[in-house]
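Here the structure is laid out as structure tokens; the discussion comes afterwards.
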Amino acid sequence: MDNVFPSPHPLVAHKLTKLRDADTDPKKFRELIREISALLAYEATRDLQVRPIRVKTPLAEAQGAELVEKIGLVPILRAGLGMVEGVWELMPSAEVWHIGLYRDERTLQPVEYYNKLPVEPTVSVCLILDPMLATGGSAVATVDVLKRWGVRRIKFVGLIAAPEGIENLNRHHPDVPIYIAAVDDHLNEKGYIIPGLGDAGDRQFGTA
Ligand code: PRP
Ligand code: URA
Numbered sequence: 018m019d020n021v022f023p024s025p026h027p028l029v030a031h032k033l034t035k036l037r038d039a040d041t042d043p044k045k046f047r048e049l050i051r052e053i054s055a056l057l058a059y060e061a062t063r064d065l066q067v068r069p070i071r072v073k074t075p076l077a078e079a080q081g082a083e084l085v086e087k088i089g090l091v092p093i094l095r096a097g098l099g100m101v102e103g104v105w106e107l108m109p110s111a112e113v114w115h116i117g118l119y120r121d122e123r124t125l126q127p128v129e130y131y132n133k134l135p136v137e138p139t140v141s142v143c144l145i146l147d148p149m150l151a152t153g154g155s156a157v158a159t160v161d162v163l164k165r166w167g168v169r170r171i172k173f174v175g176l177i178a179a180p181e182g183i184e185n186l187n188r189h190h191p192d193v194p195i196y197i198a199a200v201d202d203h204l205n206e207k208g209y210i211i212p213g214l215g216d217a218g219d220r221q222f223g224t225a
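Mapping of the sequence shown onto my numbering: position 18 corresponds to residue 35, and the numbering continues sequentially without gaps.
Structure, rendered in structure tokens:
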């Protein structure tokens with residue numbers, strides 16, 4: 018699919034393998050999420066606009082570039098929280114806007130419980146951060162919220178996607194590119210990604 022970008026980077030593959038490992042403890046798990054997220058953000062921000070500026074080095078003037086777009090990082094609570102730090106390090110002037118959603122265990126439908134977006138949009142491009150794109154319901158609902166807010170450029174950055182989630186997000190929002198560390202095989206009957214990594218929220222926060 019044209020707008021799905023699985024990372025080709027060997028560091029991502031190496032770290033994702035450790036992340037999947039059931040023996041990886043929450044401390045290491047959080048560290049790996051932070052590192053992989055930064056590597057994925059690097060790929061997801063390739064097309065950000067810059068304007069030319071001049072800069073004085075200690076020796077001479079040089080031609081440089083400055084980011085012009087206002088970036089919003091949008092972690093989906095809870096599991097997206099762990100992705101913020103690694104991405105924010107790369108773009109410290111980004112705004113962070115949290116969206117609280119959980120998946121109803123029975124219906125697998127997203128239920129919104131936190132949204133403090135102001136009336137007018139304050140950013141021009143949003144990176145949605147969520148490690149898992151399973152049925153895609155949470156991602157679709159978050160894009161709906163951001164489009165209603167008035168943001169037109171939206172990208173999804175995640176760690177593992179199921180084909181079902183990619184198909185769902187693409188069908189509802191074909192304009193949203195998906196940057197991901199890996200595309201897995203399928204969803205099980207409980208909506209978990211197989212082979213996946215289990216429950217990304219529980220493994221980060223030690224709540225399994
Ligand atoms: C997980 C994950 C996504 C969602 C993905 O969150 O972080 O937000 O499930 O599933 P979907 O693609 O089928 O919507 P969860 O609902 O477990 O909440 P949590 O992060 O608070 O644990
Ligand atoms: N949420 C998770 O945390 N893991 C999955 O496999 C699916 C949804």
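C-beta atoms are modelled at their ideal positions from N, C-alpha and C, and glycine is treated no differently. All values reported here derive from a predicted model rather than from experimental measurement.
Using the Cα positions of residue i and residue j, report the straight-line distance between them to the nearest angstrom.
i      : j      : result
Ala198 : Ile177 : 6 Å
Arg63  : Pro43  : 31 Å
Thr152 : Gln126 : 9 Å
Ile88  : Ile53  : 19 Å
Lys32  : Leu49  : 6 Å
Ala158 : Ala179 : 17 Å
Asn185 : Pro69  : 39 Å
Leu76  : Val128 : 57 Å
Phe46  : Pro212 : 17 Å
Glu60  : Val136 : 30 Å
Val91  : Pro148 : 12 Å
Pro25  : Ile183 : 18 Å
His190 : Val160 : 8 Å
Leu118 : Arg188 : 20 Å
Would you kindly report the start and end of the unbroken alpha helix (DSSP H) that includes residue i?
i      : result
Leu65  : Segment: none, Leu65 is in no alpha helix (DSSP H) and carries neither H nor E.
Leu186 : 180–189
Val27  : Looking at the sequence provided, one finds Pro at residue 27 rather than Val. Element bounds for Pro27: 27–37.
Glu102 : 98–107
Arg95  : Neither: Arg95 is in no alpha helix (DSSP H) and is coded neither H nor E.
Gly218 : 217–222
Is any non-hydrogen atom of ligand 1 found closer than 8 Å to the C-beta of residue i, if you look at the structure I gave you?
i      : result
Ser155 : yes
Ile93  : yes
Pro138 : no
Arg51  : no
Thr124 : no
Pro109 : no
Pro13  : The structure shown does not extend to residue 13, since the chain spans only 18 to 225, so no value can be given for it.
For the beta strand (DSSP E) containing residue i, name the first residue and the last one.
i      : result
Val128 : 127–132
Quickly, what does DSSP pair residue i with across the bridge? List them, please.
i      : result
Met149 : Ile177
Arg170 : Val142
Glu112 : Gly89
Gly81  : Ile70
Val21  : Ile195
Tyr119 : Val128
Quick check: does the Cβ of residue i come within less than 8 Å of any heavy atom belonging to ligand 2?
i      : result
Met149 : yes
Tyr209 : yes
Gly213 : yes
Arg47  : no
Using 9 Å as the limit for Cβ to Cβ distance, is residue i near chain C?
i      : result
Gln126 : Given the protein chain composition of this structure (a single chain), no chain C is represented.
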